[in-house]
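In the working numbering, the protein residues as written are 3 to 298. Reading through the structure tokens given below for one structure.
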């Protein structure tokens, strides 16, 4: 019953008064439509306008939070290893906290956010949602006044949104030690970053002193070649050509000798130019793919 009641009072609007797509309009046009939406649906003399925003400059440092209205304004730090989404949700949570303790209670308030993902998370009653989203819903049940969420376009010169964005960027610069449990998404991102850095260091160490000069000098035309030609050229240049001499190193074939002719030579990239089974072809790319086809 509690969930059904909360669904009924949660009012989230992701549209504007005109059905438009952000990418199709100039910032000036978006600014005009956003202002018309706000003033038509939520007249300033009847509604408290609260702009919220999050900002992320560096994942390791964490996101910043910005909340702006004519009654209160805040900029805070969301903690290290927090995402832009975490900052957006935390900003909404801070705004709801202020509305919950305000005396006398605010009768009508609209929270204006440029994050569709944060607003959609609030509207999605999924038990797997992050804890802060669930906390926002709990706060909504404690607020006596009417609360509406309205999406607004970002970076179109909307004054309140620009102020919240400024505060959020300011919040990223706060140096503060936090002890907060990571969300599953943030933990995955951190593990991925550690793995990528470890792989980069390992690859750099293994590739040290490798003869890459040949590849650098002869591979300039590979990106502009058709896919089949590019694959053949790259394999032949690197030596990972899947010919017998290469496969023999991994015990995938019983001998490195060419299986297409009876010369007894190792089947390497250089051998393709003189292999009698490929004499009717005058292109190394065609010779390579014919050889691979005949090998199988």
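In this text, a Cβ means the ideal position worked out from N, Cα and C, and glycines have one as well. Given the structure is predicted, the values throughout are model-derived calculations rather than measurements.
Local conformation of residue i per DSSP, three classes
{"i": "residue 275", "result": "helix"}
{"i": "residue 148", "result": "strand"}
{"i": "residue 127", "result": "coil"}
{"i": "residue 185", "result": "coil"}
{"i": "residue 49", "result": "coil"}
{"i": "residue 88", "result": "helix"}
{"i": "residue 7", "result": "In this prediction, residue 7 scores a pLDDT of 40, lower than 50, which makes its location untrustworthy; the coordinate-derived value is nonetheless stated afterwards. Reduced to three states, the DSSP call for residue 7 is helix."}
{"i": "residue 110", "result": "strand"}
{"i": "residue 65", "result": "strand"}
{"i": "residue 56", "result": "strand"}
{"i": "residue 256", "result": "coil"}
{"i": "residue 210", "result": "coil"}
{"i": "residue 74", "result": "coil"}
{"i": "residue 115", "result": "strand"}
{"i": "residue 14", "result": "strand"}
{"i": "residue 248", "result": "helix"}
{"i": "residue 167", "result": "helix"}
{"i": "residue 268", "result": "strand"}
Separation of residue j from residue i, as counted between CA atoms
{"i": "residue 98", "j": "residue 69", "result": "10 angstroms"}
{"i": "residue 242", "j": "residue 262", "result": "19 angstroms"}
{"i": "residue 127", "j": "residue 91", "result": "15 angstroms"}
{"i": "residue 124", "j": "residue 232", "result": "48 angstroms"}
{"i": "residue 204", "j": "residue 101", "result": "52 angstroms"}
{"i": "residue 191", "j": "residue 107", "result": "40 angstroms"}
{"i": "residue 45", "j": "residue 117", "result": "22 angstroms"}
{"i": "residue 283", "j": "residue 289", "result": "6 angstroms"}
{"i": "residue 110", "j": "residue 104", "result": "12 angstroms"}
{"i": "residue 297", "j": "residue 279", "result": "12 angstroms"}
{"i": "residue 32", "j": "residue 22", "result": "9 angstroms"}
{"i": "residue 30", "j": "residue 75", "result": "26 angstroms"}
{"i": "residue 175", "j": "residue 195", "result": "22 angstroms"}
{"i": "residue 246", "j": "residue 254", "result": "9 angstroms"}
{"i": "residue 81", "j": "residue 133", "result": "15 angstroms"}
{"i": "residue 225", "j": "residue 265", "result": "35 angstroms"}
Selected residue, minimal CA-CA separation from residue i, among the options
{"i": "residue 238", "options": "207, 189, 294, 283", "result": "294"}
{"i": "residue 172", "options": "29, 296, 57", "result": "57"}
{"i": "residue 55", "options": "253, 242, 87", "result": "87"}
{"i": "residue 59", "options": "228, 168, 190, 244", "result": "168"}
{"i": "residue 147", "options": "12, 290, 296", "result": "12"}
{"i": "residue 251", "options": "14, 270, 264", "result": "270"}
{"i": "residue 235", "options": "285, 20, 194", "result": "285"}
{"i": "residue 72", "options": "43, 112, 81", "result": "112"}
{"i": "residue 14", "options": "278, 141, 151", "result": "151"}
{"i": "residue 230", "options": "65, 82, 287", "result": "287"}
{"i": "residue 114", "options": "21, 50, 140", "result": "50"}
{"i": "residue 40", "options": "175, 276, 19", "result": "19"}
{"i": "residue 193", "options": "62, 265, 24, 48", "result": "62"}
{"i": "residue 119", "options": "141, 140, 149, 154", "result": "154"}
{"i": "residue 184", "options": "47, 281, 144, 89", "result": "89"}
Rounded distance between the beta-carbons of residue j and residue i, thought under 8 angstroms
{"i": "residue 84", "j": "residue 188", "result": "6 angstroms"}
{"i": "residue 93", "j": "residue 170", "result": "7 angstroms"}
{"i": "residue 79", "j": "residue 137", "result": "Wrong, their Cβ atoms sit about 18 angstroms apart, outside the cutoff."}
{"i": "residue 53", "j": "residue 163", "result": "5 angstroms"}
{"i": "residue 16", "j": "residue 121", "result": "6 angstroms"}
{"i": "residue 259", "j": "residue 267", "result": "7 angstroms"}
{"i": "residue 64", "j": "residue 77", "result": "That belief does not hold up - the Cβ atoms of residue 64 and residue 77 are roughly 13 angstroms apart, past 8 angstroms."}
Neighbour flag for residue i against chain B, beta carbons, 9 angstroms
{"i": "residue 162", "result": "In the displayed structure, chain B is absent; only one protein chain is listed."}
Does the segment 27 to 46 come close enough to the segment 155 to 165 that 3 or more CB-CB pairs lie under 8 angstroms?
yes
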